[in-house]
Structure formats: structure tokens, C-alpha cells
Amino acid sequence: MTAVNIVAPEISIRERYRDVVSDRWPGAIAPQPDELLSSWLHRLAYANGVAPRAFARVLGLNPGMWSAALDLRLPADIAKLLYAKTGVAPDQLAAMTLSHGLPKELLLPLRDSGHRDSSAWLQFCCRCLADDAQPYFRRRWRLATRVSCTKHGCRLRDRCPSCLGRIAVFGQAALVPQHYCVACGYDLRRASIPYLSPATRTLDRCIDDICSLEAMTQSPSGPVLIRRLLSMPSVGGYYSTMILTSLSTAARTYCAQRLNLPSEWPVEGAKDDEEEREARRLRRLIPPTSDHRAWIELLANALGRSRGRPAASKGNEKGVKLPDLLGAYAKMSPASGRPAQERIGTERRP
Ligand SMILES: [Zn+2]
Ligand SMILES: [Zn+2]
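Going by our numbering, the sequence shown opens with residue 121, and the numbers climb by one from there.
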């Protein structure tokens, strides 16, 4: 990013307020839980009467994907300016970036090939946007491993259902809230919810919980797990030569479904004694939720098994198939009701 010299729009403070608010911008915006920095910046711009595209110049930046680039790296001078103008502290600003807490290798890239099946840089849950008093985009929606919403369980989208355009709020030249498509004006809160199978939702949540573990950075199985997640499309089908981060949400969902075919799941209505035997077997194989390293290794091994790869580490060939692992995970982390402390990976990094 290079500084620009063209005259930037000015956010002015009326004379009678000047004594009260010092030199802060008049529109104050509090960051929301897990909000992405770019989302907060777009809301900040709107609250101060500046369209996002013009707000780039307020920060001394060129247009383009200026805010998405700040998500990846927030320069100290811009953090200082934002702190001075909004009162949002540097550590709060840093917490909205992607520089910590999420595996960088799994982030969706900013490039856009224009192909129908290619990745978009950001996804969204239309129900979350509809529920928000101030609709905003979440940090976790930048991860290629995510295809479902943690709160609603529905499949995420990465394109406007009306024009199939990607999220491009950084280029919005009109003074419009960020939940309207920049290309066609469609209200993204009104989008229908694409179908997602329960098995795929469980896989999505299990991967998200395990990848959020602090232990991911120290466990020898962490890098193996990341490599296996990136090569999830190689399980077969249309996208077998692609890497996970290069694919659209719909294509990644297809890959997850192939990994996790319903025919491999326990048959409903199985006899009680069979169910009991299976439950006893899994209880022996599945580690407690507190054993984070074991869960990282189990998931890496289970993903490797799907493609005949060797185990992530020697001496622990526990032979848990992916559907069994997810079945055990689902029992510990049902979609509702179970207290958070009983789930794997609730000790998320700040
Ligand atoms: Zn949602
Ligand atoms: Zn659109």
C-alpha cells in the first residue's frame, strides 16, 4: 500500500461540538464480538458520512482492497490515527485483524480469478446479518475451513445471490450500509439459506474447534493437520487437483460432503446391543476433551485415512475413521444445550 496525495475527504466536527469531543470523529463505533477490522472500518466510515471507497483516502491509502489488506496487517501509523480519532485502543484494533488466533494458511486469499468455483475473500451468514442491530462481518468467515455458521448452523455464502458478485464493500462509492451488495444493491440479509447436511455441519464445527486450539501451534501434528485440510479436495470428485483455499464455499461444501458420505455413518435403527458395542469401542478410542494434542492428531490421522496417507505421528495409530471421530465429537458438542466448557477447544485465543 502506498500513500496517496490526492485530497482526502474530511470528516469535520461542527463548531459547537468541538470543545466536547476534542478532535475525535463524531461517529463512534464499538467493535462487535469477533468483528473483522475491515467490517468495523466500513461501519466507521458510514457513521461519519464517508463512503468506504473514499474512506481509504482519509487513512492515506489507495483504493482497491484497502480494508481487506488492513485485516492482514495494520501499520502502526494507521493504528495510531484510528486510536486518536475513535478512542478504540491499539490492542482492540489488533484483535480485529487476522494476525493472531487463526491459522494463516487456512485464510481465503484476496485474489479473485473470476471463475464460478473459485474462492471469494469473505463469506457471510445471512441470518447473522439479519439478527445484527448493526450488520457486521466476522473474522472466522475469512477461513477456508468454514462453510457453516457457528450460531445458526446454516451454510455460509460467498456471493450475492442476485448478481453472484463477491463482497466488495471496500469499493463502495455510495453512502450505504455494508450489508447491501455493492454491485447490485441486493440486501444480503434477505438471501435464502443454502442446504447443508448435518454430517457436514458437524465436520465443519469439529475442524473449527480443533483449529482454534492453542495446542495447534505446538503440536507436531498441527502442521500435518493444516496440510491435510488444505488438500481436502483431493478426496476425489470435480476439484481433486485443487487446494481448499482456492475454492468457493459451495465447492468446499461439496468436498466436505464427499469426505463424509452419509453411508459411512452409523445406520439409524441399529440394534441396541450393536449401538452399545460401538459406543464402548469409541469410548476407548476417543480422548477426553481436555487432551487437545490428541484431538489434533486424531483429526489429522482421520483425514489422512480418507486418502490412505500415513498417520500424523508414530505410535498412535488409533484407527479412528472420520465418521466415528465426528460421531464422538457430535455427542460431546451437540448443536445446542451442552455447556461450552464441555466442548473441545473452548479455550480460544483472545
Ligand atoms: Zn449465522
Ligand atoms: Zn449483487
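Quick reminder that beta carbons are idealized off the backbone N, C-alpha and C, glycines included. Treat the numbers as computed from the prediction; the structure is a model and nothing was measured.
Taking DSSP as the reference, what is the three-state secondary structure of TYR203?
DSSP places TYR203 in helix when its eight states are reduced to three.
With DSSP collapsed to three states, give me the class of PHE244.
Here PHE244 sits in strand by DSSP.
Return the Cβ separation of CYS301 and LEU276 in integer angstroms, given the expectation that the two are a contact with Cβ distance under 8 Å.
16 Å between Cβ atoms; not a contact.
Are LEU202 and VAL208 closer than 8 Å when you measure CB to CB?
Cβ atoms of LEU202 and VAL208: closer than 8 Å.
On the premise that GLN377 lies in contact with ALA317, defined as a C-beta separation below 8 Å, what is that separation, rounded to the nearest angstrom?
Reading off the sequence, residue 317 comes out as Ser, not Ala. Going by Cβ atoms, the distance from SER317 to GLN377 rounds to 6 Å, so yes, they are a contact pair.
Sort ALA189, LEU194, LYS224 and ARG258 by Cα distance to ASP154 and report the nearest one.
That would be ARG258, whose Cα lies nearest to the Cα of ASP154.
Please report the straight-line C-alpha distance between LEU423 and ALA264, rounded to a whole angstrom.
Cα-Cα distance, rounded: 16 Å.
Report the three-state DSSP secondary structure of TYR300 (helix, strand or coil).
In this structure, TYR300 counts as strand in the three-state DSSP scheme.
Could you give the distance in angstroms between the alpha-carbon of GLU437 and the alpha-carbon of TRP415?
Any reading at GLU437 must be qualified, since the residue scores a pLDDT of 48, below 50, and its modelled position is unreliable; the value itself is stated next. Distance between the alpha carbons of GLU437 and TRP415 is about 13 Å.
Three-state secondary structure (DSSP) at ARG404?
ARG404: helix per DSSP, three-state reduction.
Taking 6 Å as the limit between beta carbons, can you name the residues of its chain near ALA420, skipping five residues before and five after?
Contacts found: SER341, VAL344, LEU345, ARG348 and ALA432.
Which residue from LYS451, ALA150 and GLU130 puts its Cα closest to that of PRO143?
Just to set this straight, residue 143 is Asp in the shown sequence, not Pro. Of the listed residues, the one whose Cα sits closest to ASP143 is GLU130.
Closest to ALA303 by CA distance: which of ARG236, ASP252 and PHE290 is it?
Comparing Cα-Cα distances from ALA303 to each of ARG236, ASP252 and PHE290, the minimum goes to PHE290.
Mind checking whether LEU295 and GLY447 have CB atoms under 8 Å apart?
Contact: no.
Under the three-state reduction of DSSP, which class applies to SER366: helix, strand or coil?
Reduced to three states, the DSSP call for SER366 is helix.
Can you name, in chain order, every residue of its own chain whose Cβ lies under 6 Å from the Cβ of LYS441, other than the five neighbours on each side?
Answer for LYS441: no residue qualifies.
Per DSSP, ASP275 forms a beta bridge with which residues?
Here residue 275 turns out to be Arg, not Asp, going by the sequence shown. DSSP, once it has assigned bridges, lists SER268 as partnering ARG275.
Label HIS299 either buried or exposed according to how many other C-beta atoms from any shown protein chain fall within 10 Å of its C-beta, with 16 as the threshold for buried.
Its Cβ being crowded by 16 or more others within 10 Å, HIS299 is buried.
Could you spell out the range, first to last residue, of the alpha helix (DSSP H) harbouring THR320?
Segment 318-331, the alpha helix (DSSP H) holding THR320.
Alpha carbon to alpha carbon, how far is LEU157 from PRO172?
Each residue's alpha carbon lies about 13 Å from the other.
Would you please state the rounded distance, in angstroms, between the beta carbons of CYS280 and LEU308? I believe it to be under 8 Å.
The Cβ separation is near 7 Å, so the contact holds.
Looking at the unbroken alpha helix (DSSP H) that takes in ASN485, where does it start and where does it end?
The structure shown does not extend to residue 485, since the chain spans only 121 to 470, so no value can be given for it.
Sorted by chain position, which residues of the same chain lie with C-beta nearer than 6 Å to ASP324's C-beta, five sequence neighbours on each side aside?
Hits under 6 Å: VAL267 and SER268.
Quick check on the contact list: which residues have their beta carbon closer than 7 Å to a heavy atom of ligand 3?
Absence of ligand 3 from the depicted structure is noted, with ligand 1 and ligand 2 being the only ligands included.
Can ALA303 be considered in contact with ligand 2, in the sense that its beta carbon sits closer than 7 Å to one or more heavy atoms?
Flag set: Cβ of ALA303 near ligand 2.
Any heavy atom of ligand 2 within a distance shorter than 7 Å of the CB on GLY291?
GLY291: no, Cβ never under 7 Å from ligand 2.
What did DSSP end up calling LEU284 once you bin it into helix, strand or coil?
Coil at LEU284, not helix or strand.
Is SER282 close to ligand 2? I mean its beta-carbon at under 7 Å from any heavy atom of the ligand.
Yes, ligand 2 has a heavy atom inside 7 Å of this Cβ.
By DSSP, does GLU130 sit in helix, in strand, or in coil?
In the structure shown, GLU130 sits in coil (DSSP, three-state: anything other than H, G, I, E or B).
By the three-class DSSP mapping on this structure, what secondary structure does MET452 have?
DSSP places MET452 in helix when its eight states are reduced to three.
Residue range of the alpha helix (DSSP H) that SER341 falls in?
It spans 341-350 - the alpha helix (DSSP H) in which SER341 sits, taken as one unbroken run.
Mark ALA199 as exposed unless 16 or more other C-beta atoms lie within 10 angstroms of its C-beta, in which case mark it buried.
Its Cβ being crowded by 16 or more others within 10 Å, ALA199 is buried.
If you draw a straight line from the alpha carbon of ALA188 to that of PRO407, how long is it in whole angstroms?
C-alpha separation (whole angstroms): 39 Å.
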